[in-house]
Amino acid sequence: MSVYLRPDNLEEALDALQRRPLTVLAGGTDFYPARVGRPLDDDLLDLTGIADLRGIADEGDRWRIGALATWTDLIRADLPACFDGLKDAAREVGGVQIQNAGTIAGNLCNASPAADGAPNLAALEAEVELSAADSVRRLPVTEFLTGNRTTALDAREIVTAVLVPKLPDAAASAFLKLGARRYLVISIVMIGIVLVPDGDAVGDARIAVGACSPVARRLPALEAALKGKSLDAALGEAVSAEPVETVLSPIDDVRGSAGYRLDATATMLRRGLSNLGRRMGEAA
Amino acid sequence: MNIAAAATTLTVNGAETALRSPSATRLADALRCELGLTGTKVGCDAGDCGACTVLLDGEQICACMVPVAQAAGRNVTTVEGLARDGALSDLQATFLRHGAAQCGICTPGMLMAARDLLDRNPSPTEEETTDALGGVLCRCTGYRKIVEAVLDVAGDRTCAASDTAAGTGAAVGARVARLDGVPKVTGGDVFGADFAPPDALTLRVVRSPIARGRFETGDLEAFRAVRPGIAAVLTAADIPGSNAFGVYPVGKDQPVLADRIVRYRGEAVLAVVGNAGAVAALRDEDLPVSWHEEAPVTGIAGASADGAAIVQAGRDGNVLARGRVVKGDIERGFADADFVAEGAWRTSFVEHAYIEPEAGWARRIGDRLEIHVSTQSPYMDRDETAMILGIGEEQVRIIPTACGGGFGGKLDLSVQPLIALAAWTLGVPVRCTYTRPESMASSTKRHPADIRARAGCTADGRLTAYEFHGDFDSGAYASWGPTVADRVPVHATGPYVIPHVKNTSCAWLTNAPPSGAFRGFGVPQSAIANEALLDDLGGQCGIDPLAFRLRNAIRRGDETSSGQVLEHSAGLADCFEALQADWDRERAEAARINRAGGPLRRGVGVAGMWYGCGNTSMSNPSTMKLGISADGQVTLYNGAMDMGQGPNTIMPQIAADALGVPVERIANVAGDTDRTADAGKSSASRQTFVSGRATQIAGEELRAKILRLANVGPAAALEIGDGRIVLRDGDAERTLDLRAMTQDAEGDVLAADGTFDPPTKPLDADGQGVPYATYGFGAHLAVVDIDIELGTIKVRRIVAAHDVGRAVNPTLLEGQIHGGVAQGLGLALMEEYIPGRTENLHDYLIPTFGDIPPIDTILIEDPEPLGPYGAKGIGEQALIPTAPAIFNAVHHATGVRLRRAPATPHRVREALLAAQEAGHA
Ligand SMILES: Cc1cc2nc3c(=O)[nH]c(=O)nc-3n(C[C@H](O)[C@H](O)[C@H](O)COP(=O)(O)OP(=O)(O)OC[C@H]3O[C@@H](n4cnc5c(N)ncnc54)[C@H](O)[C@@H]3O)c2cc1C
Ligand code: FES
Ligand code: FES
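Rendered as structure tokens:
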């Protein structure tokens, strides 16, 4: 007989995890598909009864995306422009049914190389808050994700929130996804861009690429090259193949060859930067 | 099993309800099994198809991924909650009127997603509509009529109301709304998985995890003995009759349960039968089976290699079948040519991906067996099941359930012999529903093809020669491989007049799932090569692609490559001509767009098609029966299976006009082998043509009988009322008293049947003869945008012209065309089944709402004298020209010829780069 726990407060959940191994369940959109035609005999800890984990809140110097915040919650939330890219990613996750159930935290915990939330969260320099009965720690998203389907999460921890440090109001962002059909599609490549302006030039550029390595990767050389460039449509010209190829390690699979992924990444970066550069330049 | 804590209380369709299912149970299962709300469908259990979409507190959600516990205290609305007091909601009625439901398996999910949208946004745009419904897949409709319906509910009201009450004699040609449509929009339709008696046991198939090898089973009795819920574990040894089935009378080669040897991953090996809970608790690994894997024979190259292992003993060289059509003198044909074009193409395994997985239930009643199953071929199911059980055919009764899509994939046996065997031996009802991965791993596929072809023409653009060879990967068992080998050489030249032809084909056995029947039987593959060569030749002689096709189009009086002279219905040229205006406009527009440069290029392509209706040079009769009961009920005993394509509607339309009554008077009994005669299989685009003609004959016979009895002239008007028929012929009025007549077993007092077998002649060794009584023709125009930097292709518009002989029901025909286009688009751009890799609807991609462009349909009516009121088939025709038209459009945009289907973005980009390097583009 398996166990199904659905506590209404965090302490109880963490205590339960302290006592025995349990599979954590949130929106179930990764959990159930992994069990088609197989018995549902996991011992489960369902987080969805814990009201404190819901919602997206302004905490002064950062935003708190509760562990139960769904893609739809994010799309509907009133957030500054630096979240536009993440919102676009949310709109591209599965179909509306998936967006209504799937959580941003669950997306990170599932740690698929093609997790659409990862690039923009990496570019936003978000942190993951991990809570256990006796501890709370925070890890940058890029450290939380350790590999294909692996994370730094300990068996006695749950992710309680994703924390996004605030950026200047003028910061803007973008997300581009490449897939072989329009809806319900796993990304072949996706990129997340966050640009913080300094006057009419790039003050700070943070760029991450997904589905081209076991975890989403930032592109430090390109970020450095962009710094100080003027915000206009020419921004995309800063992209060169080299920094992309040194950081990323895509695989060949049915969705695309490694070579194609690198090639497409460069194109998408160029387009994403040109568009965002032009938009920000016009706004500045 | 989860600890069943206290019951979960929630509100379902407005009523307070308690669920006892364990907390982790999928809400979809609890709704269906515990509450009997089977309107919520399950197509994948993985969030991929959206068929299970319900509203949870007013928001659409996949009920297959919601644990019952999460619904506690919340409001669930299912499709059963849409109609109020027995009246359809606006949304449901609009779906019906627009033909937005074909098979209906996706319809509940579509309706719930649409409800969610409209509640939030009463007048959405098209884009908002596709965004909101994008999480539900449909394999039948091509989505366009669903979008139209949703926009129409929203107040657009652009659709001409369907002709629900077409008058006497006017049913054929009318837009009669699907007669079996109401239960499809209420969730009331009963599909294969929707019902079984409460005492039914559940059957689960254990399948081979290896593509080739041997296996041994351990002590199955000991396994069973310690599991009280398990009633039996059946093996090949339990099969009383013949453990070999197949669609052909000779060459039945596929075991129901493999006997020591397995030939493909997904092959059935054991059948475990028990109560639902005990069966669900099992894992395949629990069964005592040891596997000895051997290197599989993979692909055509693997099957044909020197020293290749043999897939089936007795089939040396792994050759399943060869086909050949030779006419004229091919050498001379090429000698006569001023220009020659040639090339090689390759296509992939394509999965039918009907949204309803295989399902059904069976029970034994005395010495008879009753099988309720989702099928395209009830009579073949009956005969094959009888053979497998070693009992008489009349001992088996097939009662088809609603069929949630087939496309050829539900012609072959799946669950039928397994549930039959279990019910027969155990004496209790037994049900079985395949999981999505099981359906995909075990069922038949479209044949992958390796094609080489060459064509020649004169300087003024007349085709002189065509040489073609197609190798087809037929997988581990025969299935419909021989049909593909036969059909392809007959059709490979396309619908063009070519004096010198040499077309050959070979179907190879490999350790892959059996390739079988899939909309077009190999012709969609060969058309890709054919239509590319035509463009290349047109280019060489400087003739516009559409003009080049018109110059060579086959017309009445012309001879096919099988030496058949087309005597009647041959509206191909009309189809091409119908595209001319769009062609001119779209080509000009593309030129304008491409002058601007940039990464997005516009291309416009065209392709033609032809396709023989009915089986190739084989008798394939249909018999239909029509009866009138003592109280005046007219019943059509209709054995033509409706899998969404429409026989439940068009056969009554035809019967109504033939008999001379309004279509609403006709009740339809669908495909019960005890009550309907054999109307053959729903395949080969034959039902409208063959069964439709049989229906017309039955109707005319019955009418003649009535007129004779009443002694009135042929123009008499019939009024069938309660217990009598009143006939009026001019001033004369006669009444037949039905209650005074003798009733037959069905309770009918007047009845007639009609049989039609399309006349064909055998093909000789060179493929010369009359393979088909008639052909459907068509032409598609595709407008595409290709992003040359990313290799992505977006189809922007399709114009589809089809010669259907006579449009019995334009709405249904448009639906078939839209659905065919969608499957053709999938074949062209995204669909690739790889055993063990793309066995679910997450990794195997079919087109979604956002992938299907607007489709303009043009119906051409060049009447076929043999067909009912002139009608011919459309089911397969509609799919064939789409992929070639798209590929030709890509060539137009870029100068690059795509030779590999599906043309996924990386393949397209690689082809563009290769052409750039070679200096072609
Ligand atoms: C049809 C379909 C389409 C999809 N399309 C996309 C797509 O386009 N892009 C994309 O990125 N993803 C996609 N997904 C994947 C999925 O929806 C997301 O990853 C989702 O965000 C996961 O969240 P969840 O709450 O449903 O996770 P669950 O399924 O509940 O859990 C996922 C995993 O994370 C763990 N977990 C969840 N929450 C926590 C927590 N707070 N603390 C610790 N562990 C936790 C669980 O134990 C489990 O291992 C798709 C899924 C489906 C079914
Ligand atoms: S059954 Fe739920 S999405 Fe397919
Ligand atoms: S009508 Fe949509 S799947 Fe058949």
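These protein sequence lines are chains Z and U, in that order. Taking our numbering, the leading residue of the first sequence gets 1, the next gets one more, and so forth. Taking our numbering, the leading residue of the second sequence gets 285, the next gets one more, and so forth. Note that beta-carbon positions come from the ideal geometry of N, C-alpha and C, so glycine has one too.
Quiz item: Alpha carbon to alpha carbon, what distance is there between threonine 337(U) and glutamate 12(Z)?
Solution: Straight across, the Cα-Cα distance linking glutamate 12(Z) with threonine 337(U) is about 32 Å.
Quiz item: Is leucine 421(U) near ligand 3, in the sense that its beta carbon is under 8 Å from a heavy atom of that ligand?
Solution: yes
Practice problem: Can you have a look at valine 849(U) and say buried or exposed, based on whether 16 or more other CB atoms are within 10 angstroms of its CB? | Solution: exposed
Practice problem: With DSSP as the reference, label glycine 147(Z) as helix, strand or coil. | Solution: strand
Quiz prompt | Residue range of the beta strand (DSSP E) that includes valine 296(U) | solution = 292-296
Exercise. Would you mind sorting proline 867(U) into buried or exposed? The rule is 16 or more other CB atoms within 10 Å of its CB.
Key: According to the sequence provided, residue 867(U) is tryptophan. The question's proline does not apply to it. Classification of tryptophan 867(U): buried, given that the 10 Å Cβ count is 16 or more.
Quiz item: Is the shortest distance between the beta-carbon of methionine 190(Z) and the beta-carbons of chain U less than 9 Å?
Solution: At least 9 Å separates the CB of methionine 190(Z) from every CB of chain U.
Quiz item: If we ignore side chains and look at the alpha-carbon of each, how far apart do alanine 180(Z) and leucine 1113(U) end up?
Solution: 8 Å
Quiz item: For the alpha helix (DSSP H) that phenylalanine 618(U) lies in, which residues bound it at each end?
Solution: Segment 614-619, the alpha helix (DSSP H) holding phenylalanine 618(U).
Quiz item: With respect to the alpha helix (DSSP H) encompassing cysteine 790(U), which residues constitute its N-terminal and C-terminal limits?
Solution: Premise fails: cysteine 790(U) lies in the beta strand (DSSP E), 784-792, not in any alpha helix (DSSP H).
Quiz item: Should threonine 267(Z) and leucine 248(Z) be called a contact, given that it needs their Cβ atoms to be closer than 9 Å?
Solution: No, the Cβ-Cβ distance between threonine 267(Z) and leucine 248(Z) is not below 9 Å.
Quiz item: leucine 25(Z) bridges to which residues according to DSSP?
Solution: Asp46(Z)
Practice problem: Give the secondary structure of cysteine 716(U) by DSSP, where H, G and I count as helix, E and B as strand, and everything else as coil. | Solution: strand
Self-check item: Any chain U beta carbon closer than 9 Å to isoleucine 98(Z)
Solution: Using beta-carbon distances, isoleucine 98(Z) counts as an interface residue toward chain U, with a partner under 9 Å.
Quiz item: Comparing the C-beta of phenylalanine 31(Z) with each C-beta of chain U, is any distance below 9 Å?
Solution: yes
Quiz item: Which residues mark the beginning and the end of the beta strand (DSSP E) in which phenylalanine 175(Z) is found?
Solution: Taken as a continuous stretch (DSSP letters only), the beta strand (DSSP E) holding phenylalanine 175(Z) covers 172-178.
Quiz item: If we cut at 9 Å on Cβ distances, does methionine 268(Z) have a partner in chain U?
Solution: yes
Quiz prompt | Nearest residue (CA-CA) to threonine 900(U), options Ala592(U), Leu991(U) and Tyr532(U) | solution = Tyr532(U)
Self-check item: Burial state of glutamine 1200(U) (16 or more Cβ within 10 Å)
Solution: exposed
Quiz prompt | Buried versus exposed, by CB contacts within 10 Å (16 or more), aspartate 1028(U) | solution = exposed
Practice problem: Would you mind stating whether proline 1137(U) and arginine 1081(U) have Cβ atoms separated by less than 9 Å? | Solution: yes
Quiz item: Just the Cα atoms here: how many angstroms apart are isoleucine 287(U) and leucine 518(U)?
Solution: Below a pLDDT of 50, predicted positions are generally treated as unreliable, and isoleucine 287(U), at 46, falls in that range; no measurement from the model is reported.
Practice problem: Would you kindly work out how many angstroms separate the C-alpha atoms of aspartate 329(U) and phenylalanine 633(U), rounded to a whole number? | Solution: 23 Å
Quiz prompt | Contact set between glutamate 1116(U) and chain Z, taken where Cβ atoms lie within less than 8 Å | solution = Val254
Exercise. Please state whether DSSP places leucine 184(Z) in a helix, a strand or coil.
Key: coil
Exercise. Assign glycine 1110(U) to one of three DSSP states: helix, strand, or coil.
Key: helix
Quiz item: CB alanine 308(U) to CB aspartate 42(Z), shorter than 9 Å?
Solution: yes
Practice problem: Check the Cβ-Cβ distances between alanine 384(U) and every residue of chain Z, and say whether any is below 9 Å. | Solution: no
Quiz item: Within the chosen definition, does the region 233-249 of chain Z reach the region 272-279 of chain Z through at least 3 CB pairs nearer than 8 Å?
Solution: Touching, yes.
Quiz item: What residues of chain Z sit near alanine 1195(U), judged by a beta carbon separation below 8 Å?
Solution: Ordered by position in chain Z, no residue passes the 8 Å Cβ test against alanine 1195(U), which lies about 11 Å from the chain.
Quiz item: Excluding five sequence neighbours on each side, which residues of the same chain lie with their C-beta closer than 6 Å to the C-beta of serine 727(U)?
Solution: Result list for serine 727(U): Gly693, in chain order.
Quiz item: Looking at the structure shown, is histidine 636(U) part of a helix, part of a strand, or coil, going by DSSP?
Solution: coil
Quiz item: Which one of Arg652(U), Leu673(U) and Glu677(U) has the shortest CA to CA distance from tyrosine 663(U)?
Solution: Proximity to tyrosine 663(U) across Arg652(U), Leu673(U) and Glu677(U) peaks at Glu677(U), based on C-alpha coordinates.
Self-check item: Reference lysine 611(U); option with closest CA among Asn1172(U), His1175(U), Thr1188(U) and Gly1053(U)
Solution: Gly1053(U)
Practice problem: For my contact list, isoleucine 1158(U) and glutamine 1107(U) are in at a C-beta cut-off of 8 Å; report their separation, rounded to the angstrom. | Solution: Not a contact, Cβ separation roughly 13 Å.
Quiz item: Excluding sequence positions up to five away, which residues of its chain have a Cβ less than 6 Å from the Cβ of leucine 5(Z)?
Solution: Listed in chain order, the non-local C-beta contacts of leucine 5(Z) below 6 Å within the same chain comprise Ala16 and Leu45, local neighbours out to five positions each way being set aside.
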